[in-house]
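Worksheet for the structure shown next.
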Amino acid sequence: MALRLPSLAPADPNEVLRPVKPWFVALTLAVALLGNLLPLEGGALALRPDFLALTLLYWCIQAPRYVGVGVAWSMGLLMDVGDGTLFGQHALAYTLLAYGAEYFRRRVLRFPLWQQAVQVAALLAICAALVLFVRVFGGAPMPRLTYFAPVLVGALLWPALSVLLQLPQRPVRSAASL
Amino acid sequence: MASHLPVEPPAFFHRGPSPAARLVFFGLISIALLFLDARYKYLENVRQVVAVVLAPVQRAAALPGAAIAGVSDYFASKRALVAENEALRQRLADTGAKAQGALTAAQENERLRALLDIRSRSEAAAIAVAVLYTGRDAFQQKLVVDKGRDEGVVAGAAVVDADGIVGQVTRTYPQMSEVTLLTDKDHVIPVRFERNGVRAVMAGAGAGRAPELRFMPPSADVRVGDMLVTSGLDGTYPQGLAVARVATVERDTGQMFARITVTPVGGVDRSGELLVLGRAGELPPRPEEPAEAEPLRKIGRGKAARGG
């Protein structure tokens, strides 16, 4: 029986997906963490989206049984150590992100991907603004406006990331069923 | 709706606290952590433990970059290598001649110091390190270098490149260390004008802004282009290392202090190979300050410069 790979187009909203595998969630989170820790410099660093935030957001929406506020918070702690930032900075941002996802998840999937991306941008921007507020309140200097560049890049990546993370859940159709 | 088959049990089967409760719970913990970490340094142990968990991932993340660097090194053109070799030879010859003179001077200095019974400056060992990556926190100016506690790097040590001071080690892990750059807002370094010996305090101002000299009266003898070297006053930095040149001087007699910005001479934002200097010997403890001198403490605002 010849198997076909699932198509790369986003899933039809009415399509029934297979359950998410916990190991896949864990793997993607680990890969996203790796992406965040890549030793980039200069322009690439300024533009690098927060892969971990995007992946967390995706799983908070798609698999709230496995990924929620608690997981997001602990991944945030890991990022705080990895980046050498103040303890709790990423943790706070990811906690808020996970809550936002919880709040959004019932409606965000009804939208086409590019409209989802707009909402994702809003969520990411709120988190970035929160971190900015906490740090500047704590005496850090105001960063340049490029501070918000990763928010935009992240939102632009959202459609691609959604399709990619959805692949293993798409039902694999045999040739016979078509 | 693109959902999964077994979604959730109905609302009356509650699983744990509600998302809002969790948000409040974890949010408050995060804010408490932020406060504890910013105000006090209680969390270094926790950080070290998490760092152990994270170390393999960090090492894996460094692999692609190292591979790319290796490949580009391999294909570097021969002409470029020859040119670089030439430049390095030239530099070696230059510094070699200077080092000869310095050696004699150092010996003479040591003899004179012994005669005068002055505490001799300790000759500290230096550790060569390479920059792993620049810090990713938009609010701080930091570097991460590839050697840590296991190789003898200690927090508080000065970090220099071939041209001058770059910063200071502020946190060590077993295999790597964090270096706070001169340009970081919380970094303060005691300096001295090479021309006239006037002491000053240089404070970083954050990304993209020139560091400045704090608390200099408008009448101070400062000229654009003056060289600043470390004064070695607090025992953190060895004496006489090049730090910065004066870039602008604004004197406004209406103001209490002149506004003096400087440009670091070390490759704060470009050097890839650095040297971690050993601590310059412990100084005798600071005498008790009288109570009315309290406001003056603000001068040493950066905890980093005190040698953490």
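Here the protein sequences line up with chains A and B, keeping their order.
For the first sequence, numbering that gives the first Met the number 0 gives the first residue as 0, with consecutive numbering after it.
For the second sequence, numbering that gives the first Met the number 0 gives the first residue as 0, with consecutive numbering after it.
Yeah, the Cβ is synthetic: ideal placement off N, Cα and C, and Gly gets one too.
Computed from a prediction, not measured in an experiment: that's the story for all the values here.
Taking 8 Å as the CB-CB cut-off, is residue i touching chain B?
{"i": "A/F86", "result": "yes"}
{"i": "A/P111", "result": "no"}
{"i": "A/L144", "result": "no"}
{"i": "A/T54", "result": "no"}
{"i": "A/A121", "result": "no"}
{"i": "A/T94", "result": "yes"}
I need the straight-line Cα distance from residue i to residue j, nearest angstrom please.
{"i": "B/D36", "j": "A/V162", "result": "39 Å"}
{"i": "A/A92", "j": "B/G166", "result": "29 Å"}
{"i": "A/P18", "j": "A/T27", "result": "16 Å"}
{"i": "B/M255", "j": "B/A219", "result": "12 Å"}
{"i": "A/A90", "j": "B/R222", "result": "47 Å"}
{"i": "B/A199", "j": "B/L42", "result": "33 Å"}
{"i": "B/L274", "j": "B/E287", "result": "34 Å"}
{"i": "B/V228", "j": "B/Y236", "result": "10 Å"}
{"i": "B/T169", "j": "B/L115", "result": "36 Å"}
{"i": "B/L80", "j": "B/V159", "result": "25 Å"}
{"i": "B/E85", "j": "B/K97", "result": "19 Å"}
{"i": "A/W72", "j": "B/L91", "result": "52 Å"}
{"i": "B/Q57", "j": "B/N44", "result": "19 Å"}
{"i": "B/Q238", "j": "B/G155", "result": "15 Å"}
{"i": "B/V52", "j": "A/L33", "result": "13 Å"}
{"i": "B/L111", "j": "B/D233", "result": "23 Å"}
Step through the CB atoms of chain A and report whether any lies within less than 8 Å of the CB of residue i.
{"i": "B/A92", "result": "no"}
{"i": "B/L32", "result": "yes"}
{"i": "B/R269", "result": "no"}
{"i": "B/D136", "result": "yes"}
{"i": "B/A129", "result": "no"}
{"i": "B/A202", "result": "no"}
{"i": "B/E56", "result": "Strictly speaking, residue 56 of chain B in this sequence is Val, with Glu absent from that position. At least one chain A Cβ lies under 8 Å of B/V56."}
{"i": "B/K184", "result": "yes"}
{"i": "B/P217", "result": "no"}
Can you find the residues in the same chain that come closer than 7 Å, C-beta to C-beta, to residue i, ignoring five residues on each side of it along the sequence?
{"i": "A/P48", "result": "P149, V152, G153 and L156"}
{"i": "A/S176", "result": "Confidence at A/S176 is low in this model, with a pLDDT of 47, below 50, so its placement is unreliable and no value can be given for it."}
{"i": "A/V68", "result": "T94, A97 and Y98"}
{"i": "A/V135", "result": "M141"}
{"i": "A/A29", "result": "none"}
In chain C, which residues lie less than 9 Å from residue i when you measure between Cβ atoms?
{"i": "B/A50", "result": "In the displayed structure, chain C is absent; the protein chains listed are A and B."}
To which residues of the same chain is residue i closer than 6 Å at the C-beta, ignoring the five residues directly before and after it?
{"i": "A/P190", "result": "In this structure chain A extends from 0 to 177, so residue 190 of chain A is not present and cannot be described."}
{"i": "A/G81", "result": "L36"}
{"i": "B/Y172", "result": "A50 and G147"}
{"i": "A/C59", "result": "V66, A97 and A100"}
{"i": "A/G75", "result": "H89, A90 and Y93"}
Could you work out which residue in the options is closest to residue i when comparing CA atoms only?
{"i": "B/P189", "options": "B/D72, B/L212 and B/Q174", "result": "B/L212"}
{"i": "B/M201", "options": "B/V261, B/V143 and B/M255", "result": "B/V261"}
{"i": "B/M175", "options": "B/L22, B/L33, B/T133 and B/P263", "result": "B/T133"}
{"i": "B/F214", "options": "B/E249, B/Y39 and B/R46", "result": "B/E249"}
{"i": "A/E40", "options": "B/L232, B/K141 and B/D183", "result": "B/K141"}
{"i": "B/A50", "options": "A/F86, A/L112 and A/Y102", "result": "A/F86"}
{"i": "A/Y146", "options": "A/F103, A/F136 and A/L131", "result": "A/L131"}
{"i": "A/G42", "options": "B/R135, B/A157 and B/N84", "result": "B/R135"}
{"i": "B/D268", "options": "B/A82, B/L33 and B/V143", "result": "B/V143"}
{"i": "A/K20", "options": "A/P63, A/L33, A/G34 and A/L46", "result": "A/P63"}
{"i": "B/G196", "options": "B/G231, B/D185 and B/A204", "result": "B/G231"}
{"i": "B/P216", "options": "B/G253, B/E177 and B/P210", "result": "B/G253"}
By Cβ distance, which residues of its chain are closer than 8 Å to residue i, with the 5 residues on each side in sequence left out?
{"i": "A/A52", "result": "A92, Y93, L96, L123, C126 and G153"}
{"i": "B/G271", "result": "A129 and V130"}
{"i": "A/V117", "result": "A154"}
{"i": "B/G163", "result": "L240, A241, V242, A243, P263, V264 and G265"}
{"i": "A/Q115", "result": "V107, L108, W157, P158 and S161"}
{"i": "B/A206", "result": "A137, Q140 and T182"}
{"i": "B/D149", "result": "P173 and Q174"}
Does DSSP put residue i in a helix, a strand or coil?
{"i": "B/Q47", "result": "helix"}
{"i": "B/Y132", "result": "strand"}
{"i": "B/S76", "result": "coil"}
{"i": "B/K97", "result": "helix"}
{"i": "B/T252", "result": "coil"}
{"i": "A/A92", "result": "helix"}
{"i": "B/F25", "result": "helix"}
{"i": "A/M74", "result": "helix"}
{"i": "B/P18", "result": "helix"}
{"i": "A/G42", "result": "helix"}
{"i": "B/G234", "result": "coil"}
{"i": "B/Q167", "result": "strand"}
{"i": "A/L144", "result": "helix"}
{"i": "B/V158", "result": "strand"}
{"i": "B/S270", "result": "coil"}
{"i": "B/S218", "result": "coil"}
{"i": "A/P149", "result": "helix"}
Cβ of residue i versus every heavy atom of the ligand ATP: is any distance shorter than 7 Å?
{"i": "B/A129", "result": "For the structure depicted, the ligand ATP is absent and the ligand set is empty, with no information on it obtainable."}
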